[in-house]
Amino acid sequence: ETGVTQTPRHLVMGMTNKKSLKCEQHLGHNAMYWYKQSAKKPLELMFVYNFKEQTENNSVPSRFSPECPNSSHLFLHLHTLQPEDSALYLCASSQDFRLTAASYEQYFGPGTRLTVT
Amino acid sequence: AQSVTQLDSHVSVSEGTPVLLRCNYSSSYSPSLFWYVQHPNKGLQLLLKYTSAATLVKGINGFEAEFKKSETSFHLTKPSAHMSDAAEYFCVVSDQENQGGKLIFGQGTELSVKP
Chain Z
584 ETGVTQTPRH
594 LVMGMTNKKS
604 LKCEQHLGHN
614 AMYWYKQSAK
624 KPLELMFVYN
634 FKEQTENNSV
644 PSRFSPECPN
654 SSHLFLHLHT
664 LQPEDSALYL
674 CASSQDFRLT
684 AASYEQYFGP
694 GTRLTVT
Chain G
10 AQSVTQLDSH
20 VSVSEGTPVL
30 LRCNYSSSYS
40 PSLFWYVQHP
50 NKGLQLLLKY
60 TSAATLVKGI
70 NGFEAEFKKS
80 ETSFHLTKPS
90 AHMSDAAEYF
100 CVVSDQENQG
110 GKLIFGQGTE
120 LSVKP
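These protein sequence lines are chains Z and G, in that order.
Residues 584 to 700, numbered by the working numbering, are exactly what the first sequence covers, in order.
Residues 10 to 124, numbered by the working numbering, are exactly what the second sequence covers, in order.
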């Protein structure tokens, strides 16, 4: 399998559930990203991992917990979510977060459509 | 701080007619600019990028964009629309004030193509 894959593609969960989103990249990249895409709003960067170290946390609520066990895998653990957390969650990867934009491209997965009931 | 503004939330064209998706940016630095496309139920795909080389940038699927510093614009064009071009398009600037890896996305333009 090539590129960036995400599972599950769709997820419905209650506010008291705990679930995890998984992202895997087969591109040999060292940086991985979680984005949130809500209707009528720009993509919001949530977390960045570079060489397995978290380098960015854009004031994301603690009910979202990322995990990056290696450069190829990224998880987003979810617990006690709110209905406003319903969105498309996109994972992306790139060669190295520290490189300038001139030197890299971010590759995106298809996303997980999350609905919180 | 860097920012991008996509001037149209929705554009509708007929198949075979030209496409113009407008984007203005704000940046204190020499920016890197991108256009990404997102088809329904798919992730974002890079169409093209400007990184201070040629001001006219050619991308995939016949799209191109011109960087105009005097107008702070980076509009996306295509001479002849195809039905498969129907998608959401995002203009993006890199946050070079902080770190190169951070991308700042516009709100998106939905392109509809009528037969």
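We put the beta carbon where it would ideally sit given N, CA and C, even for glycine.
Predicted model only: the values in this text are computed from it and were never measured.
- Where Leu664(Z) is concerned, there is no enclosing beta strand (DSSP E), because DSSP gives it neither an H nor an E.
- Excluding its 5 nearest sequence neighbours in each direction, Gln637(Z) has C-beta neighbours in its own chain below 8 Å: Phe630, Val631, Pro649, Cys651, listed in chain order.
- From the beta-carbon of Gly611(Z), no residue of chain G is found nearer than 8 Å; the closest lies around 17 Å away.
- Comparing C-alpha distances from Gly586(Z) to each of Glu688(Z), Phe647(Z), Thr700(Z) shows the shortest one belongs to Glu688(Z).
- Listed along chain Z are Lys623, Lys624, Pro625, each with a C-beta nearer than 8 Å to that of Gln116(G).
- In the same chain as Ser677(Z), and ignoring 5 residues on each side of it, the C-beta atoms closer than 6 Å to its own belong to His612, Ala614, Tyr687, Gln689, in chain order.
- Residues of the same chain with a CB within less than 8 Å of the CB of Asn641(Z), apart from the 5 flanking positions on each side, are Glu627, Leu628, Met629, Phe630 in chain order.
- With distances taken between CA atoms, Thr700(Z) lies nearest to Lys601(Z) out of Pro644(Z), Lys601(Z), Ala675(Z).
- Its chain contains Lys602, Leu661, Leu664, Leu697, Thr698, Val699, Thr700 as the residues whose beta carbon lies nearer than 8 Å to that of Met596(Z), once the 5 sequence neighbours on both sides are disregarded; these appear in chain order.
- Minimum Cα-Cα distance from Leu16(G) among the listed residues Leu112(G), Val102(G), Pro88(G), His84(G) corresponds to His84(G).
- Chain G has no Cβ within less than 8 Å of the Cβ of Glu636(Z).
- Using a Cβ distance threshold of 8 Å, Gln620(Z) and Leu673(Z) count as a contacting pair.
- Burial check for Phe43(G): the Cβ neighbour count within 10 Å reaches 16 or more, so the residue is buried.
- Pro693(Z) counts as buried, since no fewer than 16 other beta carbons sit within 10 angstroms of its beta carbon.
- In chain order, Val28, Leu29, Leu30, Thr118, Glu119, Leu120, Ser121 place their CB closer than 8 Å to the CB of Val20(G), counting only its own chain and leaving out the 5 sequence neighbours on each side.
- Excluding its 5 nearest sequence neighbours in each direction, Tyr59(G) has C-beta neighbours in its own chain below 6 Å: Leu42, Val66, Phe76, listed in chain order.
- Taking a Cβ-Cβ threshold of 8 Å, none of the residues of chain Z is close to Gly25(G); the smallest such distance is about 29 Å.
- With respect to the 8 Å criterion, Tyr45(G) and Val102(G) are not classified as neighbours on the basis of their beta carbons.
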